[in-house]
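Visitor: The sequence shown runs 402 to 573 under my numbering.
Backbone N, C-alpha and C fix where the C-beta goes; we use that ideal spot for every residue, glycine too.
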Amino acid sequence: MDLTAVRADVVVLDEMLREIARRPVDLSDPNWAAAHRRTPPLEEAGVTAEATEALEALLDAYETGGAPTREEVRDIFRTYGSFSWAAHLPYDWETGPEFRRRLVHVSARDQGADPRDELMTIWWLCNRARERGIDVEPVLREVAALSSDVDLYGFGSMQTLIMRGLEQHDLS
Numbered sequence: 402m403d404l405t406a407v408r409a410d411v412v413v414l415d416e417m418l419r420e421i422a423r424r425p426v427d428l429s430d431p432n433w434a435a436a437h438r439r440t441p442p443l444e445e446a447g448v449t450a451e452a453t454e455a456l457e458a459l460l461d462a463y464e465t466g467g468a469p470t471r472e473e474v475r476d477i478f479r480t481y482g483s484f485s486w487a488a489h490l491p492y493d494w495e496t497g498p499e500f501r502r503r504l505v506h507v508s509a510r511d512q513g514a515d516p517r518d519e520l521m522t523i524w525w526l527c528n529r530a531r532e533r534g535i536d537v538e539p540v541l542r543e544v545a546a547l548s549s550d551v552d553l554y555g556f557g558s559m560q561t562l563i564m565r566g567l568e569q570h571d572l573s
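1. I need the straight-line Cα distance from L526 to L418, nearest angstrom please.
2. So, at 8 Å on beta carbons, what are the nonlocal neighbours of L547 in its own chain, with the 5 sequence-adjacent residues on each side left out?
3. Assign G566 to one of three DSSP states: helix, strand, or coil.
4. Residues in the same chain with beta-carbon distance under 8 Å from G566, minus the five sequence neighbours each way, listed in chain order, please.
5. To the nearest angstrom, how far is the alpha carbon of A434 from that of D427?
6. With a Cβ-Cβ cutoff of 7 Å, do P516 and Y554 count as a contact?
7. When you compare the CB positions of D415 and F484, do they come within less than 7 Å of one another, or not?
8. Note down, in chain order, each residue of its chain lying with its Cβ closer than 6 Å to the Cβ of D511, except the 5 sequence neighbours on either side.
9. Of the choices T561, D518, E532 and D430, whose alpha-carbon is the least far from that of W494?
10. Can you tell me which of S573, D571 and P539 puts its alpha carbon nearest to the alpha carbon of M564?
11. Please report the straight-line C-alpha distance between L443 and E451, rounded to a whole angstrom.
12. Please confirm whether A458 and V407 have their CB atoms less than 7 Å apart.
13. Use the C-beta contact count for E420: other C-beta atoms within 10 angstroms, 16 or more gives buried, fewer gives exposed.
14. When the Cα atoms are used, what is the spatial distance from G497 to P491?
15. For the alpha helix (DSSP H) holding M417, just list the boundary residues, first then last.
16. CA-CA distance, R501 and D430?
17. Rounding to the nearest angstrom, what Cα-Cα distance links D552 and G513 in this structure?
18. Quick one: grab the DSSP three-state call for W524.
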């Protein structure tokens, strides 16, 4: 699968999002959280439609392509951190296919900047899926099979992290 055009789009999007992604956060300001609840980054940069299209194309390629395609998608997410940080699927979801798509997104980011954050996301997604009556185990196994078996940070591979979704944790 040729991802040349999608990669080229992501290069431009990443550049447009870089300043927003690297904006400093003053954690000593007691109102820092409120200051950051402003316009979503994709909207602020004026690239919501383009970023959504690129994200969907990457996730489609990840799900349907072979191992080399999945590695290329992982490389795009690793290389273009501002895009990876800003481009997300919609927060609200209800169905098994939507749950699976979000796990695929986590898998494609391949541990992101911090695998602990990715693990928390996996647990949150699985908890929410269970609340909606979705059987998470088969979905976890399917997505783990697509995931990398390389441990990038000494915290376990993406396959291992995905399968940790079988654990149940109270995250409230």
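Guide: The relevant details are as follows:
1. Walking along the sequence shown from the start, residue 526 turns up at place 125. Walking along the sequence shown from the start, residue 418 turns up at place 17. Cα to Cα, L526 sits roughly 26 Å from L418.
2. For the purposes of this step, residue 547 is taken as the residue at position 146 of the sequence shown. Answer for L547: Y463, E464, R471, V505 and S508, listed in chain order.
3. By 1-based counting over the sequence shown, the position of residue 566 is 165. Three-state DSSP puts G566 in a helix.
4. Within the sequence shown, the letter at position 165 stands for residue 566. These residues qualify, in order along the chain: L504, I523, W524, L526, C527, V537 and L541.
5. Locating residue 434 in the sequence shown gives position 33, where the first residue counts as 1. Locating residue 427 in the sequence shown gives position 26, where the first residue counts as 1. So the alpha carbons of these two residues sit roughly 10 Å apart.
6. Within the sequence shown, the letter at position 115 stands for residue 516. Within the sequence shown, the letter at position 153 stands for residue 554. Closer than 7 Å, so yes.
7. Within the sequence shown, numbered from 1, the residue matching residue 415 stands at position 14. Within the sequence shown, numbered from 1, the residue matching residue 484 stands at position 83. Taking 7 Å as the Cβ cut-off, D415 and F484 qualify as a contacting pair.
8. If you number the sequence shown from 1, residue 511 lands on position 110. Taken in chain order, the residues that qualify are R475, S549 and M559.
9. The residue labelled residue 494 in the question sits at position 93 within the sequence shown. The candidate whose alpha carbon is nearest that of W494 is E532.
10. Numbered from 1 along the sequence shown, position 163 holds the residue referred to as residue 564. Cα-wise, what sits closest to M564 is P539.
11. One-based indexing of the sequence shown puts residue 443 at position 42. One-based indexing of the sequence shown puts residue 451 at position 50. Approximately 9 Å, taken between the alpha carbons.
12. As a first step, residue 458 must be located in the sequence shown, where it is residue number 57. As a first step, residue 407 must be located in the sequence shown, where it is residue number 6. In contact: A458 and V407 (Cβ atoms closer than 7 Å).
13. Counting from 1 along the sequence shown, the entry for residue 420 is found at position 19. Under this definition E420 is an exposed residue.
14. For the purposes of this step, residue 497 is taken as the residue at position 96 of the sequence shown. For the purposes of this step, residue 491 is taken as the residue at position 90 of the sequence shown. The straight-line gap from Cα to Cα measures roughly 15 Å.
15. By one-based count along the sequence shown, residue 417 stands at place 16. Following the DSSP letters along the chain, one finds M417 inside the alpha helix (DSSP H) bounded by residues T405 to A422.
16. Along the sequence shown, one-based indexing puts residue 501 at 100. Along the sequence shown, one-based indexing puts residue 430 at 29. Their backbone Cα atoms lie some 38 Å apart in a straight line.
17. Within the sequence shown, residue 552 is the residue found at index 151, counting from 1. Within the sequence shown, residue 513 is the residue found at index 112, counting from 1. Approximately 12 Å, taken between the alpha carbons.
18. Numbered from its first residue, the sequence shown carries residue 524 at position 123. In this structure, W524 counts as helix in the three-state DSSP scheme.
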